[in-house]
Amino acid sequence: DLDELKENVRDSPIIIDGRNIFNKKTVESKGFIYRKVGEGSKTHS
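For the sequence shown, counting from 1, position 24 maps to 24 in the working numbering; every step adds exactly one.
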């Protein structure tokens, strides 16, 4: 349950998804920072 998890990690709401099991939009809508292993950041140069 992402809502319960968010309550327990208020200071560092980060999810690092090593198995690609979370939906990025869902996780971010709950207030988490989402990072997927193997996916680089998308920055513009």
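By construction, the Cβ of each residue, glycine as well, lies at the ideal position given by its N, Cα and C atoms. Only a predicted model underlies this, so the values are computations on that prediction, with no experimental measurement involved.
Whether residue i touches residue j by CB criterion (8 Å)
{"i": "V27", "j": "I15", "result": "yes"}
{"i": "K30", "j": "D3", "result": "yes"}
Where the alpha helix (DSSP H) containing residue i begins and where it ends
{"i": "K25", "result": "24-29"}
{"i": "K6", "result": "2-8"}
Own chain partners of residue i with C-beta closer than 6 Å, once the 5 adjacent residues on each side are dropped
{"i": "R35", "result": "I16"}
Residue i - containing beta strand (DSSP E), residue span
{"i": "K36", "result": "33-36"}
{"i": "D58", "result": "Since the first residue of the chain shown is 1 and the last is 45, residue 58 is not available in this structure."}
Beta-carbon proximity list for residue i, same chain, < 8 Å, skipping 5 on both sides
{"i": "I33", "result": "P13, I14, I15"}
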